[in-house]
Each structure stands twice: as C-alpha cells, then as structure tokens.
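Heads up: the sequence lines are chains L and B, in that order.
So that you can map any letter, position 139 of the first sequence is 189 in our numbering, and since no number is skipped, the others follow by simple counting.
So that you can map any letter, position 63 of the second sequence is 113 in our numbering, and since no number is skipped, the others follow by simple counting.
Where is the CB? At the ideal position from N, CA and C, for every residue including glycine.
None of the values given here were measured: they were computed from a predicted structure.
Number of protein chains: 2
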Amino acid sequence: MHEAPNIVGFKEFALASRLSDALDGLTVFVDRDTAMAAIAESAIGAARGARDFIYVTVSTGLGGTIVSGGRMLRGTTNTAGEIGHFPVAFQLDTTRDAAADLPRCGCGSYGCAESFAAGRNLADAYGVADAAEVFTAWARGDPRATAIVIRAERALANLAVGLVNMLNPALIVVGGSIADNQPGHVLEPMRRAIAERAFRAPASAVRVVPAALGGDVGMLGAVFAARERLSGRGEWFL
Amino acid sequence: MHEAPNIVGFKEFALASRLSDALDGLTVFVDRDTAMAAIAESAIGAARGARDFIYVTVSTGLGGTIVSGGRMLRGTTNTAGEIGHFPVAFQLDTTRDAAADLPRCGCGSYGCAESFAAGRNLADAYGVADAAEVFTAWARGDPRATAIVIRAERALANLAVGLVNMLNPALIVVGGSIADNQPGHVLEPMRRAIAERAFRAPASAVRVVPAALGGDVGMLGAVFAARERLSGRGEWFL
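This is the structure in structure tokens:
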C-alpha cells in the first residue's frame with residue numbers, strides 16, 4: 051500500500067507480506083476494495099454482462115473502478131480508478147487562491163469530488179460525526195447543511211458528466227453507504243446531470259443504477275479475485 | 051458523426067457513406083482526429099513504447115484519446131476519450147446557479163475543461179479572433195486577459211490531476227496549437243499540478259511531454275489506422 055487517505059498510518063506499508071507472515075505463510079493478494087467490488091457486481095450483481103462499466107462507491111470516501119472493453123483499467127503502476135480524486139472545482143475568482151473556499155481533501159489536494167461528496171467530508175464540513183446528520187439538517191431546511199448538500203450534488207454532477215463524456219460506459223453502478231441511504235442526493239443528481247449536460251450519444255447509452263450486493267460486496271469480489279489469481283490468471287477480464 | 055461542437059452543421063451526419071459516394075465507392079473509415087493522432091504518436095512519435103498513455107490536444111477545442119494497458123478506450127458506443135468535456139469547475143456559491151460565472155461550453159454544458167482552456171474559448175472570452183491575442187495581452191499585464199489565462203491554467207491543472215489519479219498513465223502527450231505555442235501556459239501548469247496535488251505513486255510514474263508530430267499528426271495516424279483496418283484488424287492495439 052502506498053497510501054490510504056482515510057486510514058491513518060498506512061503509508062508505504064507492506065500489507066501482503068505482513069499479513070502472510072501473521073498467517074503462517076498463507077498466500078495473500080492485496081487489491082483495492084473497489085476493484086473487488088467491481089468484480090463482484092460484474093459476476094453476480096448489477097453489472098452482469100456489461101463490458102463497459104464504472105463502479106462508484108460513495109461511502110466514507112469516494113472511489114471507483116473502471117472497466118472498459120471488458121478489462122479493468124489498472125494503469126501503469128496499478129493505481130488507476132481513483133475517480134474520487136478527480137478535481138471537479140476550483141476557485142473562479144482569480145484574485146484569490148485556486149483553493150480558496152474549497153474544502154481540503156484527505157489526499158492533500160483540493161477540488162476532488164471526494165472532498166465535497168463523501169461521507170467523512172460531509173460530516174466534517176458540518177462539524178458532526180455522521181453524514182446522516184447533515185441530510186437530516188438539510189431536510190429541516192438548515193441553510194448550512196443545504197449549502198453543503200448542494201455542493202456535494204454539484205460535485206457528483208460534474209463527476210458523472212465527466213465519466214460519461216470521457217469513458218462512454220454502458221453502466222454506472224453506484225454503491226456505498228451514502229449512495230444506499232441517500233439515492234436522491236447521489237444517483238438522482240448524477241442522472242439529471244448526465245441527461246442535461248453530457249454528450250447525447252454517450253448519455254443515451256448509459257444507465258446509472260444502484261449497486262446490488264450491499265456491504266459485503268468487497269469480500270464477495272475478493273473470493274472471485276483470489277480464485278482467479280490462484281488459477282494462474284493474473285488479471286481479471288470479462 | 052453524432053455531433054461536433056466546433057463544426058457547424060455536422061449533426062447525425064453520415065460522413066463515411068457521403069464521402070464514399072463522392073469517391074466512386076472507395077472504402078472510407080471515419081474516426082476521431084485525436085484517435086488517429088494517438089496512433090501516430092504511439093507508432094512513430096512521443097508515445098513510442100508506452101502502453102498506458104493519454105494523448106491530449108489543446109487547440110481550437112480540447113480533446114484526447116486514452117490508451118490503457120495497450121488498448122485504446124472506445125467505450126460502449128465508440129465516443130470515449132472526450133477529456134475536454136470533463137467538467138472541472140462549478141459555482142461554489144450555492145445561493146447562485148451552478149453555472150453562474152462559468153463560460154458556456156460549445157457542447158451546451160458548462161465547467162468543461164475545453165470551455166476554459168481551448169483556443170476558441172480563450173479568444174471568445176476576450177472578444178478577439180485568435181487566442182494568441184489573449185496571451186499577448188496577458189504578457190503586457192492586461193487584467194482581463196490575466197484572469198482568463200489563470201482560469202485556463204486552473205482548468206488544465208484539475209484535468210491533469212484527474213487524469214493521473216483516475217487513469218495512472220505513464221505518459222501524457224500534449225499537442226495542439228495552443229500547447230505548441232504556449233507550453234508555459236499548458237504543459238507547465240499540468241506538470242506543476244501533478245507534482246503538487248496528484249497521488250504520489252501515479253504522479254511519480256507519469257511524464258507530461260509535448261507531442262512530436264506537429265500539425266499532420268492526425269493524417270499520419272489515419273494512414274496507420276486505415277492500413278490496420280484494411281488488413282482485417284478492426285481495432286487498434288499496441
């Protein structure tokens with residue numbers, strides 16, 4: 051593991067060998083939770099049969115995995131898929147700093163979709179422990195919560211339009227606790243933005259659907275992935 | 051062709067059959083200029099040997115092509131690669147409309163990287179015919195040109211960080227007239243933003259380099275692509 055913005059202490063941490071040592075030499079594979087989730091949703095969940103899809107999780111953080119032409123995108127050093135850290139905002143007033151008024155992201159940057167829309171960031175922005183409180187405050191018309199939720203929806207809208215224009219998926223599968231509990235603030239703004247603002251051809255080719263497998267999706271995918279790897283297939287394909 | 055925001059009149063236009071008819075039935079393939087450019091840069095240009103690279107053109111418009119794991123991303127209906135239409139900004143003030151203060155993009159949306167940083171958009175924002183005039187005005191300290199150029203650089207910075215975090219390329223090849231003539235306003239802000247704001251692992255794995263093949267890059271790539279297609283290989287791989 052190179053780094054994990056939402057877990058303290060995991061910087062350049064040799065997780066596989068440490069775990070293997072602790073498990074008497076058992077073979078350990080390490081991969082991203084969202085990659086495992088995408089495999090599970092593809093095999094037995096909402097993305098069955100799709101060769102071009104994006105798995106998005108809006109939970110504590112905002113992450114994802116991209117599958118294009120039946121292949122999971124890995125990138126040159128296996129870190130591809132961090133869609134939550136695509137910056138979707140900057141300060142428009144050029145007399146001020148580019149980061150002015152923007153929440154600082156856990157990754158150290160600013161403008162990231164995660165910094166606006168993920169659970170931890172929503173809660174931090176409002177000064178509470180749980181993002182659910184922000185949506186409750188929004189529901190009673192609290193102005194500060196309203197502003198936070200509107201920004202989160204704008205960030206998700208930009209992200210959704212960008213994913214559709216850039217990657218032309220057939221399916222965007224959206225999971226994670228925030229998406230599960232607040233589809234009206236996650237899936238709906240994504241769908242609306244795609245319909246209103248993305249190119250017509252990719253917009254009419256894509257559906258935004260909820261994930262099917264719930265909280266165990268990562269573990270389910272890990273079973274498939276470990277079996278594939280042990281059978282000698284080092285990479286995952288549809 | 052479904053649509054071409056920067057060419058009037060090309061909406062749902064059957065370009066290949068119209069051209070073929072006009073050329074006595076000659077076989078005609080239609081593809082995006084940036085896809086052809088990426089093939090040429092990969093075969094004989096700046097991306098030789100790279101299996102994970104992104105070709106970016108900053109010219110009249112802002113476009114690109116993504117190659118990941120040795121494959122060009124096509125998407126489910128062959129429109130993938132429109133990186134210039136990833137929205138990288140929104141109005142932060144939630145008492146105002148999401149599009150307030152943002153330039154309208156040729157695609158009908160707002161916030162797109164193209165709407166800030168492409169040549170036509172720079173010129174339109176300043177009210178001149180040629181983006182070169184904006185940079186000349188910037189050089190003499192004109193405040194309005196300065197604001198336009200700073201916004202363009204912020205948009206390119208967000209785009210570069212997002213591409214690196216999301217796709218983990220080994221190389222970003224940047225061509226097009228604006229990039230060629232103003233590398234200090236295109237490649238440099240991209241490099242700076244990646245170094246300062248992208249995840250460390252993908253940031254240290256990527257180089258941002260100028261395109262090698264100049265203005266004929268699309269035609270060169272079209273020769274390779276047509277030969278591949280005629281030989282029966284319908285898709286392009288490294």
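Distance from the CA atom of B:Ala96 to the CA atom of B:Leu270, rounded to whole angstroms, is 14 Å. Secondary structure at L:Phe185: helix, using DSSP grouped into helix, strand and coil.
The stretch 140–155 of chain B makes no contact with the stretch 221–236 of chain L; the number of CB pairs closer than 8 Å stays below 3.
If you check each beta-carbon in the stretch 81–98 of chain B against every beta-carbon of chain L, none falls closer than 8 Å.
Contacts with chain B at 8 Å (Cβ-Cβ) do not include L:Pro153. Close to B:Asn218, with beta-carbon spacing below 9 Å, are these residues of chain L in chain order: Leu123, Arg124, Gly125, Thr126, Thr127, Asn128, Thr129, Ala130, Gly131, Glu132. Nearest neighbour of B:Ala197 by Cα position, chosen from L:Phe103, L:Ala93, L:Tyr176, L:Gln141, turns out to be L:Gln141. For B:Arg257, the enclosing beta strand (DSSP E) has its first and last residue at 257–260. Residues of the same chain with a CB within less than 7 Å of the CB of B:Asn56, apart from the 5 flanking positions on each side, are Thr110, Gly111, Gly156, Arg170 in chain order. Counting of Cβ neighbours within 10 angstroms places B:Gly177 among the exposed residues, the total staying below 16. Here L:Met51 carries a coil assignment [DSSP, helix/strand/coil].
According to the DSSP secondary-structure assignment, B:Leu221 is paired through a beta bridge with B:Phe103, B:Arg257. Within the same chain, Cβ atoms closer than 8 Å to the Cβ of B:Pro153 are found at Tyr160, Ser165, Phe166, Asn171, Asp174, Ala175, the five residues on either side in sequence being excluded. Fewer than three pairs of CB atoms, one per stretch, sit closer than 8 Å, so the stretch 181–192 of chain L makes no contact with the stretch 214–222 of chain L. Cβ neighbours of L:Glu62 within its own chain (closer than 8 Å, five residues either side excluded): Met51, His52, Glu53. With its beta carbon at least 8 Å from every one in chain L, B:Ala167 lies outside the interface. Contacts between B:Asp102 and chain L, judged by CB atoms closer than 7 Å, involve Gly125, Thr126 in chain order.
Between B:Ala243 and B:Phe79, the C-beta gap is not smaller than 8 Å, which leaves the two residues out of contact. Annotation: L:Thr126 is outside any beta strand (DSSP E) and is labelled neither H nor E by DSSP. For B:Thr77, there is no enclosing alpha helix (DSSP H), as DSSP marks it with neither H nor E. Excluding the 5 residues flanking it on each side, B:Val138 has same chain C-beta neighbours closer than 6 Å at Ala163, Ala205, Asn208, Leu209, in chain order.
Between L:Glu278 and the set L:Met86, L:Ala64, L:Gly59, L:Asp71, the nearest pair of CA atoms involves L:Met86.
Here the alpha carbons of B:Gly59 and L:Val236 stand approximately 36 Å from one another. In this structure, B:Val258 lies near B:Arg241, with their beta-carbon atoms less than 8 Å apart.
DSSP, reduced to helix, strand and coil, places L:Arg283 outside both helices and strands of the structure shown, so it counts as coil. Contact check between the stretch 113–121 of chain L and the stretch 116–135 of chain B: three or more CB pairs, one atom from each, fall below 8 Å, which counts as touching.
In this structure L:Ala168 is in contact with L:Val108, their Cβ atoms being roughly 6 Å apart against a cut-off of 8 Å.
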